[in-house]
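Single-structure report; data block below.
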Amino acid sequence: MYLFHISGPVLQYSAHLMSSFKHQVASQSSFLM
1 MYLFHISGPV LQYSAHLMSS FKHQVASQSS FLM
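Dropping the structure here:
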């Protein structure tokens with residue numbers, strides 16, 4: 001149960017990192033274009 005309890009915030013954090021990374025890549029690619 002503890003693992004499941006701690007995996008929630010970790011998933012949210014990883015999703016946030018992925019979205020911010022995609023946003024960075026998109027802005028950089030548009031800037032290079």
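Numbering-wise (full-length UniProt numbering), the sequence shown opens with residue 1 and increments by one. Just so you know, even glycine gets a beta-carbon here, dropped at the ideal spot from N, CA and C.
Measuring straight from C-alpha to C-alpha, what distance separates residue i and residue j?
{"i": "residue 101", "j": "Leu11", "result": "The displayed coordinates of the chain run from 1 to 33. Any statement about residue 101 would go beyond what the structure contains."}
{"i": "Leu17", "j": "Ser29", "result": "18 Å"}
{"i": "Gln24", "j": "Phe31", "result": "10 Å"}
{"i": "Ser7", "j": "Ala15", "result": "12 Å"}
{"i": "Tyr13", "j": "Ser27", "result": "21 Å"}
So, for residue i: in the same chain, excluding its five sequence neighbours on each side, which residues have a beta-carbon less than 7 Å away from its beta-carbon?
{"i": "Ser20", "result": "none"}
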